[in-house]
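Chains as they are written, first to last, in the numbering used here: chain A, 6 to 141; chain B, 6 to 141.
Glycine is no exception: its CB is placed at the ideal position from the N, C-alpha and C atoms.
Keep in mind that this is a model prediction, so the values were computed, not measured.
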DNA sequence: CGCTTGACTTAGACAGTGTCCATTGTAGGA
DNA sequence: TCCTACAATGGACACTGTCTAAGTCAAGCG
Ligand SMILES: [Mn+2]
Ligand SMILES: [Mn+2]
Ligand SMILES: [Zn+2]
Ligand SMILES: [Zn+2]
């Protein structure tokens, strides 16, 4: 089942009921949940799990590169278990729906050397904004 | 001096000391300030200006398209008076320094039709991340 | 000019999101 | 089974942003 859980076990994580539940929630069908949304779903499976533990666990997963933090609006960060296939996000400006997208081309190459100001650039983050078919 | 102020006057804004000061701060040398940083600088010029007014004024300037909201980290929004020349941002992952950059190429064109899922896309937001010369 | 009025400002309460810490619990190895 | 280092807990706290009720004032008008 949980590939995410497998990878975490392989990294020497102490396996607790709480971490199992957080991993299960992330691997479920709902993508791009906020920490509090993850917590709400986790509570359904393990009523005594605390908010702090969910925040800690998500933060650790991000540090390990197993989960990605996404912030498409200026509100809560969202947690994305799709960390092993590089992708970007397409966001509906009206309802907030989020889709994974895979742009063609070399995004990093679009930035000329004269525009790099001596930075060593390691990452490009792109958010496409528009109106989804439902909202149109 | 303040081009920003001129444009706002032209839009029928009631001209108050508070709005003048916020516009002056934005047009100063420091770019990409947070609302509370704008407030701190505004207080130096007009001690009684309130936090709420700074938030309100910045929000109105954004609505009018005279200022852009930027969120490069997952913390406070930053306010960018450079609203009339489209650009993107380059951010130092260590110290948070922000530079304006002007990518070549058609950013929107990088997203194939098959990756648009029926959305009407109106905007692309790009953040380049790396390490600045100072931090390297 | 001085009045009038509706737009603007203010202080502070409140809400949403995230962090911290002292205490308690427990996974997993000896 | 026991130990102990690591993890979980709950609640206080910090940061960012929003809201409201009451007071203030810019600007148009006589
Ligand atoms: Mn994603
Ligand atoms: Mn800028
Ligand atoms: Zn929509
Ligand atoms: Zn730096």
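Simplified DSSP assignment, three categories, for residue i
| i | result |
| --- | --- |
| residue 129(A) | strand |
| residue 74(A) | strand |
| residue 19(A) | coil |
| residue 13(A) | helix |
| residue 44(A) | helix |
| residue 112(B) | coil |
| residue 101(A) | coil |
| residue 51(A) | coil |
| residue 83(A) | strand |
| residue 24(A) | helix |
Minimum Cβ-Cβ distance from residue i to chain B less than 8 angstroms
| i | result |
| --- | --- |
| residue 134(A) | yes |
| residue 130(A) | yes |
| residue 109(A) | yes |
| residue 6(A) | For residue 6(A), the predicted structure reports a pLDDT of 43, less than 50, and the residue's modelled location is therefore unreliable. A value from the coordinates is still provided. Not one chain B Cβ lies under 8 angstroms of residue 6(A). |
| residue 2(A) | Nothing in the structure corresponds to residue 2(A), since chain A is present only between 6 and 141. |
| residue 72(A) | no |
Cα-Cα separation, residue i to residue j
| i | j | result |
| --- | --- | --- |
| residue 118(A) | residue 85(B) | 24 angstroms |
| residue 110(A) | residue 109(B) | 12 angstroms |
| residue 35(A) | residue 75(A) | 14 angstroms |
| residue 68(A) | residue 128(A) | 16 angstroms |
| residue 10(B) | residue 23(B) | 12 angstroms |
| residue 44(B) | residue 27(B) | 8 angstroms |
| residue 125(A) | residue 78(B) | 18 angstroms |
| residue 57(B) | residue 15(A) | 50 angstroms |
| residue 102(B) | residue 100(A) | 32 angstroms |
| residue 121(A) | residue 140(B) | 14 angstroms |
| residue 72(B) | residue 46(A) | 39 angstroms |
| residue 32(A) | residue 131(A) | 24 angstroms |
| residue 20(A) | residue 49(A) | 19 angstroms |
| residue 42(A) | residue 12(B) | 43 angstroms |
| residue 39(A) | residue 18(A) | 23 angstroms |
CB contact check: residue i to chain A, cutoff 8 angstroms
| i | result |
| --- | --- |
| residue 123(B) | yes |
| residue 52(B) | no |
| residue 88(B) | no |
| residue 138(B) | yes |
| residue 126(B) | yes |
| residue 91(B) | no |
Start-to-end residues for the alpha helix (DSSP H) that takes in residue i
| i | result |
| --- | --- |
| residue 56(B) | 56 to 68 |
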